[in-house]
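Student:
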Amino acid sequence: MGGRRGLDRGRAGSRGISLAPVTEELSPPGEDLQYCPYCGDNLVLRLLPSEDRPRLVCDRSHILYVNPKVIVGVIPERRGRILLMRRAIEPRYGAWTFPGGFMEIDETAEECAAREAREEVGIQVSVGKLVGVYSRPAPQAPGIVSIVYRGRITGGEVKPGREALEARWFRPEDIPWDELAYETTRWALRDWLNSRRDTSRKRS
Ligand SMILES: [Zn+2]
């Protein structure tokens, strides 16, 4: 995995509840991939006539495309408050975020959002409008695309799963901006706040 090793490297610096800005050090994507996942031959970086940038290829001409990973999150809302959880896993142990995680190959983005809410905080959500789509390209970041939805709670009881230390309702003015897990968390919450302001303006 391109970014995995880099993420692990960043882990040592963020052990415990240290909420310094995230500064993952990552190798360019694919640099540490050595073997073709299709046939097991060695991979080399080669500029092919059919491609506009060097690609990892093996002697049997398999091309390994290294693309971003998709993460889906949901901001659960109830009576003007949002549900945030504190991460119980590295990286960013102890930092606040909303439910979210890597999208599985056999689900839609909306299904992923609902699943993450169920697994991470024990609630059922009706997945609503898109809050935003956020990119963190390699090599400065892990190479991810984060899709974030609004979510209305339809059932279940707030119960932190194994990836959460606790879950708590926050009024917009109490959002712990300095203790958020990622830049994408901050960007999405900022956009959620703005969309909320737009909505109340339209109502009045
Ligand atoms: Zn191959």
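Sequential numbering of the sequence shown, starting at 1340, is according to our numbering.
Note that beta-carbon positions come from the ideal geometry of N, C-alpha and C, so glycine has one too.
No experiment lies behind these values; they were computed from the predicted model shown.
Cα separation between Ala-1527 and Asp-1398?
Tutor: 43 Å
Student: With 16 other CB atoms within 10 Å as the buried threshold, where does Gly-1412 fall?
Tutor: buried
Student: How about Ala-1503 and Ala-1434: are their beta carbons less than 7 Å apart?
Tutor: Contact check for Ala-1503 against Ala-1434 fails: the beta carbons are separated by 7 Å or more.
Student: Helix, strand or coil for Asn-1406? Go by DSSP, reduced to three states.
Tutor: coil
Student: Taking only three categories from DSSP, how would you classify Pro-1511?
Tutor: Three-state DSSP puts Pro-1511 in a helix.
Student: Given Pro-1553, which residues of its chain have a CB within under 6 Å of its CB, disregarding the five upstream and five downstream residues?
Tutor: Here the chain has residues from 1340 to 1543 only, and residue 1553 is not among them.
Student: Measure the Cβ-Cβ separation of Arg-1525 and Leu-1519 and say whether it is below 7 Å.
Tutor: yes
Student: Looking at the structure shown, is Ala-1503 part of a helix, part of a strand, or coil, going by DSSP?
Tutor: strand
Student: Just checking Arg-1394 against ligand 1 - is the residue's beta carbon closer than 6 Å to any of the ligand's heavy atoms?
Tutor: no
Student: Just the Cα atoms here: how many angstroms apart are Arg-1529 and Ser-1389?
Tutor: 41 Å
Student: Can you look up Val-1497 in the DSSP assignment and give me helix, strand or coil?
Tutor: It is coil, neither helix nor strand.
Student: Could you tell me whether any non-hydrogen atom of ligand 1 is closer than 6 Å to the CB of Cys-1378?
Tutor: Because some heavy atom of ligand 1 lies under 6 Å away, the Cβ of Cys-1378 counts as near it: yes.
Student: Going by the C-beta, is Arg-1399 closer than 6 Å to any heavy atom of ligand 1?
Tutor: yes
Student: With a threshold of 6 Å (Cβ to nearest heavy atom), would Cys-1451 be considered close to ligand 1?
Tutor: Not one heavy atom of ligand 1 sits closer than 6 Å to the Cβ of Cys-1451.
Student: Report yes if the CB atom of Val-1546 is closer than 7 Å to the CB atom of Pro-1407, and no otherwise.
Tutor: Because the chain here runs from 1340 to 1543, residue 1546 falls outside it and cannot be looked at.
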